[in-house]
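The sequence shown begins at 719 in my numbering and counts up by one. What follows is a short report on a single structure.
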Amino acid sequence: MKITFPHMGNIYIALKAVFEELGVEVIPPPKCSKNTLEIGTKHSPELICIPFKITVGNYIESIKRGADTLFMWGGCDVCRIGFYNTLQKEILRNLGYPIELICVEPFKNIKEINNFLQKLQRISGTKNYLKIFAAFVKGIKLLNEVDDFDALVHKIRPREVSKGEVDQLYDKFEKEMYLARGYKEITIIIKKYKEALKNIQINEKRDILKIGIVGEIYTVVEPFINLDIIKRLGNMGVEVHRSVVSSEFINEQLDFIPFIHSEKEEVHRAAKNYLDTEIGGHARHTIGNTVRYAQEHYDGVIHLLPFTCMPEIVASSILPTIKKEKDIPILKIILDEMTGEVGYFTRIEAFVDLLERRRMYRKIV
Ligand code: SF4
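In structure tokens form, the structure reads like this:
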């Protein structure tokens, strides 16, 4: 069995480690690129959301490299994610790829975790349940460590004294990650680069703008689809915080286990006056986290959403009310395969300019 999975930011690091710990051959898809998007767009329904198209592209690129089993997140939801796996399986079968697709359901209780572990058991062919459980725990640990590392990158980049140092370091980190095998090697690399990051000289006195990113998880965490917005903003001297990341997403599924903590309750409480129910995807988080950013005096919020994303369209109709009531600037950016880089960055630069002037004005009056 040669397994692959779709890209979504750095989630590949944890997935690769889990499977390698279990002795399964992993064929990670190449980094998302124009080629990935072109392949995915060609074989997907025209109006479907962009994560669907890119993940189809990931699968086909991996299959061409020899993968025969696809591992993906799915299950029942009120938005399109609920039928991603069925439709993608159909598309790949129609293209003549004899693949097996293993779909993981959200972990809502011990039974679901057990189902997941049984799927890992089938993939790896091992009967040792303890080994499987240990690999699963290591995967979750790595996911949290990688997200912590990224958060540190986002803090240091806008403050670095010598421009480009963080980016150079991050490029090296990614190259080493792609070659690393198993939990131990990956952990050592994360630790090494965390230390290297802390050694970068920073200007602590710099007056830094703070922007929170809300929206659909794929568009927030996958740099290819958001045109590396976090890096761009960081290089413009803006500290960026992502409201939804893969580790938090998994922690929210598992927080019925006493030692796992997530911010789900706080987010729902913050969203309560505007949206008090689940409507799919991360819409409730978009609302709750925008309120939280306003409460924490962030300078502004950027809302990222895929074209035709149902939950985020609803969220975007509520955000203008929050913007008015909480007095926080919000920029909405819709992403699809037609997104033009020039127009996109012009809007972002204009937004940052507005936030800087707003801050200056507030200091004067
Ligand atoms: S949240 Fe939006 S983009 Fe994601 S699967 Fe659902 S509809 Fe598509």
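Cβ coordinates follow ideal geometry from the N, Cα and C atoms, glycine included. All values reported here derive from a predicted model rather than from experimental measurement.
Check: Just how far apart, CA to CA, sit residue 971 and residue 738?
Finding: 24 Å
Check: Does the separation of the CB atoms of residue 754 and residue 776 fall below 8 Å?
Finding: yes
Next item on the list: Taking the CB atoms as reference points, tell me whether residue 989 and residue 1006 lie closer together than 8 Å.
Entry: yes
Item checked: Cβ neighbours of residue 839 in the same chain (closer than 8 Å, five flanking residues each side left out) -> 845, 847 and 850
Notebook entry, point to check: With 16 other CB atoms within 10 Å as the buried threshold, where does residue 995 fall?
Noted result: Of the residues assessed, residue 995 falls on the exposed side of the cut-off, its CB having fewer than 16 other CB atoms within 10 angstroms.
Checklist line | Where residue 875 falls: helix, strand or coil (DSSP) | finding: helix
Note to self: Give me, in chain order, the residues of the same chain whose beta-carbon lies closer than 7 Å to that of residue 937; leave out the 5 immediate sequence neighbours on both sides.
What the structure shows: 943, 944, 1022, 1023, 1024 and 1053
Margin query: Buried or exposed, going by whether 16 or more other CB atoms sit within 10 Å of the CB of residue 806?
Written below: buried
Item checked: Whole-number beta carbon distance between residue 1026 and residue 992, since they are thought to touch under 8 Å -> Going by Cβ atoms, the distance from residue 992 to residue 1026 rounds to 22 Å, so no, they are not a contact pair.
Checklist line | Cβ-heavy atom distance, residue 1028 to the ligand SF4, below 7 Å | finding: yes
Notebook entry, point to check: When every heavy atom of the ligand SF4 is checked, does at least one fall within less than 7 Å of the C-beta of residue 936?
Noted result: yes
Item checked: Residues of its chain near residue 795, where Cβ-Cβ distance is below 7 Å and the 5 sequence neighbours each way are ignored -> If we look at residue 795 and ignore the five residues flanking it on each side, its Cβ neighbours are 998.
Margin query: Are there any heavy atoms of the ligand SF4 lying less than 7 Å away from the beta-carbon of residue 1002, as far as the coordinates show?
Written below: Checking the 7 Å criterion, the Cβ of residue 1002 is out of range of every heavy atom belonging to the ligand SF4.
Margin query: Can you look up residue 743 in the DSSP assignment and give me helix, strand or coil?
Written below: strand
Margin query: For the ligand SF4, is there any heavy atom lying closer than 7 Å to the beta carbon of residue 799?
Written below: yes
Notebook entry, point to check: Is residue 985 closer than 8 Å to residue 865 when the C-beta atoms are compared?
Noted result: No. Outside cutoff.
Next item on the list: Excluding the 5 residues preceding and the 5 following residue 726 in the sequence, name in chain order all residues of the same chain whose CB lies nearer than 7 Å to its CB.
Entry: 936, 939, 940 and 964
Check: Considering only the beta carbon of each residue, do residue 827 and residue 974 sit closer than 8 Å?
Finding: yes
Notebook entry, point to check: residue 985 by DSSP, collapsed to three states: which one?
Noted result: helix
Check: I think residue 931 touches residue 1020, with their Cβ atoms under 8 Å apart; what is that distance to the nearest whole Å?
Finding: 5 Å
Margin query: Tell me which residues share the same chain as residue 982 and place their Cβ nearer than 6 Å to its Cβ, disregarding the 5 neighbours each side in the sequence.
Written below: 970
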